[in-house]
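Novice:
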Amino acid sequence: MFRKEDYVVYGDLGVCQVQDIVERKFDGLDKAHLYYVLAPVYQDGVLYVPADNPRIFLRAVISAEEANRLIDQIPTMEGKAFHSRSSQELSAHYEEAMRTHSCADLIRLTMSIHTKKRDLASQKKKFGRVDEHFMKRAEDSLNGEFAIALGIPREEVPGYISRRIAALAPAKS
Numbered sequence: 034m035f036r037k038e039d040y041v042v043y044g045d046l047g048v049c050q051v052q053d054i055v056e057r058k059f060d061g062l063d064k065a066h067l068y069y070v071l072a073p074v075y076q077d078g079v080l081y082v083p084a085d086n087p088r089i090f091l092r093a094v095i096s097a098e099e100a101n102r103l104i105d106q107i108p109t110m111e112g113k114a115f116h117s118r119s120s121q122e123l124s125a126h127y128e129e130a131m132r133t134h135s136c137a138d139l140i141r142l143t144m145s146i147h148t149k150k151r152d153l154a155s156q157k158k159k160f161g162r163v164d165e166h167f168m169k170r171a172e173d174s175l176n177g178e179f180a181i182a183l184g185i186p187r188e189e190v191p192g193y194i195s196r197r198i199a200a201l202a203p204a205k206s
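Residue numbers 34 to 206, in this note's numbering, belong to the letters of the sequence shown in order.
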């Protein structure tokens, strides 16, 4: 059970803050249920999310320690490009990685799409819209969660990651 002011990841919407936990009966329901009142951090609005529905993806935002551990692992992670002429197959492949809502899976996904982008650029080929769309979604999701975990603005996350990875590299003499 989450508490007021906790930060959570809610499905594809991303990071939200629990504003309240209320018991409420909505029209069409037979009885009142417990709901989290969620405020998306990077969008406007308020959502009422059932607190007891196992089909709804809701988890706590990772800790700063976990974010830094994942960032430190980036140089050892592999991002193998996925190619398909079918946009449906490509979308399904990317959606599968997104659906886990795992930061590690999202890092691997962005790395694989960046690898594909570099490969295509070296062959003077066009980078596809499906690839671009999923790369942006995955990066937005990661940057949003890392920003909350690390206590920094979302736009500073890519620079933070770059500096941290650079600091891990052995000094050249």
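Note that beta-carbon positions come from the ideal geometry of N, C-alpha and C, so glycine has one too.
So, with DSSP's three-state summary, where would you put His66?
Specialist: Taking the sequence shown and counting its residues from 1, one reaches residue 66 at position 33. Here His66 sits in strand by DSSP.
Novice: Run the CB neighbour count on Asn245, radius 10 Å, all protein chains shown included, and call it buried at 16 or more, exposed below.
Specialist: Residue 245 lies beyond the stretch modelled for the chain, which goes from 34 to 206, so this question has no answer here.
Novice: The beta strand (DSSP E) that contains Asp39, what's its start and end?
Specialist: Against the sequence shown, residue 39 aligns to sequence position 6. Taken as a continuous stretch (DSSP letters only), Asp39 belongs to no beta strand (DSSP E), as it is neither H nor E.
Novice: Pair every Cβ in the region 91-101 with every Cβ in the region 119-129, then say whether three or more of these pairs are closer than 8 Å.
Specialist: No: fewer than three Cβ pairs fall under 8 Å.
Novice: Buried or exposed: which applies to Thr109, given that a residue is buried once 16 or more other Cβ atoms fall within 10 Å of its Cβ?
Specialist: The residue you call residue 109 lines up with position 76 of the sequence shown. Exposed: under 16 other Cβ atoms inside 10 Å.
Novice: Are the C-beta of Gly161 and some C-beta of chain D separated by less than 8 Å?
Specialist: Among the protein chains of the structure shown there is no chain D, as only one such chain exists.
Novice: Is it the case that the Cβ atoms of Val41 and Leu80 are separated by a distance below 8 Å?
Specialist: For the purposes of this step, residue 41 is identified with residue 8 of the sequence shown, where counting begins at 1. For the purposes of this step, residue 80 is identified with residue 47 of the sequence shown, where counting begins at 1. In this structure, Leu80 does not lie closer than 8 Å to Val41 by Cβ.
Novice: Pick out whichever of Phe167, Glu56, Ala180, Leu62 has its Cα sitting closest to the Cα of Gln121.
Specialist: In the sequence shown, counting from the first residue as 1, residue 121 sits at position 88. That would be Phe167, whose Cα lies nearest to the Cα of Gln121.
Novice: Run the CB neighbour count on Ser145, radius 10 Å, all protein chains shown included, and call it buried at 16 or more, exposed below.
Specialist: One-based indexing of the sequence shown puts residue 145 at position 112. With 16 or more other Cβ atoms within 10 Å, it is buried.
Novice: Around the C-beta of Asp164, are 16 or more other C-beta atoms found within 10 angstroms, so that it is buried, or is it exposed?
Specialist: Within the sequence shown, numbered from 1, the residue matching residue 164 stands at position 131. Answer is buried; the Cβ neighbour count reaches 16.
Novice: Does the ligand COA have even one heavy atom less than 7 Å from the beta-carbon of Gly192?
Specialist: Absence of the ligand COA from the depicted structure is noted, as is the absence of any ligand whatsoever, leaving it without description.
Novice: Start and end of the beta strand (DSSP E) containing Gly47?
Specialist: Residue 47 sits at position 14 when you count from the first residue of the sequence shown. Unbroken beta strand (DSSP E) run through Gly47: 47-57.
Novice: In chain order, which continuous runs of the alpha helix (DSSP H) of length 4 or greater are located wholly inside the region 123-161?
Specialist: Entirely contained in the region 123-161, the alpha helix (DSSP H) runs reaching 4 residues are, in chain order, 136-155.
Novice: Any idea which residues DSSP pairs Val82 with across the strands?
Specialist: Residue mapping note: residue 82 aligns to position 49 of the sequence shown, counting from 1. Answer by DSSP bridge pairing, in chain order: Tyr69.
Novice: Output the distance between the C-alpha atoms of Lys150 and Phe160, rounded to the nearest integer angstrom.
Specialist: Reading the sequence shown from its first residue, position 117 is the one you call residue 150. Reading the sequence shown from its first residue, position 127 is the one you call residue 160. Near 6 Å, if we compare the C-alpha coordinates of Phe160 and Lys150.
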